[in-house]
Structure formats: structure tokens, C-alpha cells
């Protein structure tokens, strides 16, 4: 789901710069056998719970603290799933949680019910899966432009934990790329999910 917002030239330039860098923030992205949800991007390897959190910048390209805060909050809301009885009714529940950190048209896309996700959601329901995310690093992807006064492209690395009835707990390290825009002086919101 790549929602493009073409209202400003700067956003167009930012999104155009996406071509050519799909992994990494200077250091190589992890690879291996993660279990991605059908609606977000994943790399991952088995993550060590005791690993020290990486830094939040790469080289001289610092990510503004306000961007880091929103990127982490969005990731937690977007990835978290509770398929137990009486909890989330579909993947759109994650979109409703994440919408406070996003702008249109992405907000509407996040909360939309998608028939194609019913099968994977049913599988989560059977095992009463609970999925959580702990962001560990926010950085500018390799080759991406530095954050400007009104746009930022970042990659969020996070530990994903899935617990399910009758299934062993699975922990993986995954990533999500976010395009953000400044909506007011101090407020940033996610307006696109490149490659998701």
C-alpha cells in the first residue's frame, strides 16, 4: 500500500528519491526468516531481547526528535495486533490506532476493511495471536535525502513479538519505512508507507 500525496513539490522530490534504496541505514539490514504480517514490510532475523538499542542517527544525518517520537508511536500502533476474543476484529483496528499519527489519504487507507486480509486474519484468530512492537532505531535510509523543514523519510527498526495459544513465542527484528510531513510547527504525521 503506497499512498502518494502530491500536494507539494518537496513531497514529490522526497518520494522520487525512494528509488534505489530499499534496505539499510548505513549498516546492513538484517536478513532471515521473519514472519511478516501481510500489511507491512519485514526483514528479519531472530532478535536478541538483551541487545542494546542502536543509535537514532547515521553519520551526520540526524533525525529530529519530533520525527522519531511520531515514527515510533505510529509503528507501535500499526504493528500491534490482539486477535483474542473481544479485542481487535480485523487488521483495520491497527489502522484506527495508527490514524492519530497519520494524515489523509493514508488515514482512510489504514482503516479500510480489505477482503484479501480475511484469510490471514482468520489464522491469527485461531491461535489468538497477540503481536507487539518495540521500536529500537529510527534512521534515514541509505541514499535518502536528509529531513527537511517539512518532510522526512525514515526507517524504523523494531522488535516484533508474537504470542499465540498453543504456539511458541516468536521474536523477530523487522522494519518499516515511513514518509512524514510536518502539519504544524511542532507536529509531524505519517503520510505514506513506501514499499508496504
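Numbering (this note's numbering), first residue to last: -15 to 180.
Idealized CB from N, CA, C, for every residue including glycine.
query, result
"Within the stretch 91 to 155, ranges of the alpha helix (DSSP H) (whole runs, at least 4 residues)", "102 to 110"
"Rounded separation between residue 32 and residue 113 - CA only", "Bear in mind that a pLDDT of 32 at residue 32, under 50, signals an unreliable position, so the number given afterwards is only what the model happens to contain. Those two C-alpha atoms are separated by around 21 angstroms."
"Test item: CB-CB of residue 65 and residue 108 under 8 angstroms", "yes"
"Contact between the stretch 49 to 59 and the stretch 158 to 174 (3+ Cβ pairs under 8 angstroms)", "yes"
"Under 8 angstroms between C-beta atoms of residue 138 and residue 122", "yes"
"Per-residue burial, residue 103 [other beta carbons within 10 Å of its own, 16 or more giving buried]", "exposed"
"Residue nearest to residue 46 in terms of C-alpha spacing, selected from 89, 131, 111", "131"
"Residue range of the alpha helix (DSSP H) that includes residue 80", "76 to 82"
"Contacting residues, own chain, Cβ-Cβ under 7 angstroms from residue 50 (five flanking each side not counted)", "170, 172"
"Endpoints, beta strand (DSSP E) assigned at residue 209", "In this structure the chain extends from -15 to 180, so residue 209 is not present and cannot be described."
"7 angstroms Cβ shell around residue 9 - same chain, five flanking residues per side excluded", "42, 123, 124, 125, 126, 139"
"Residue 111 and residue 70 closer than 8 angstroms at C-beta", "no"
"Extent of the continuous beta strand (DSSP E) to which residue 172 belongs", "172 to 176"
"Other residues of its chain near residue 166: CB distance less than 6 angstroms, five sequence neighbours each side excluded", "134, 172"
"Within 8 angstroms, strictly: CB atoms of residue 141 and residue 120", "yes"
"Nearest residue (CA-CA) to residue 97, options 115, 150, 86, 78", "78"
"Where residue 165 falls: helix, strand or coil (DSSP)", "strand"
"Cross-strand partners of residue 158 (DSSP beta bridge)", "142"
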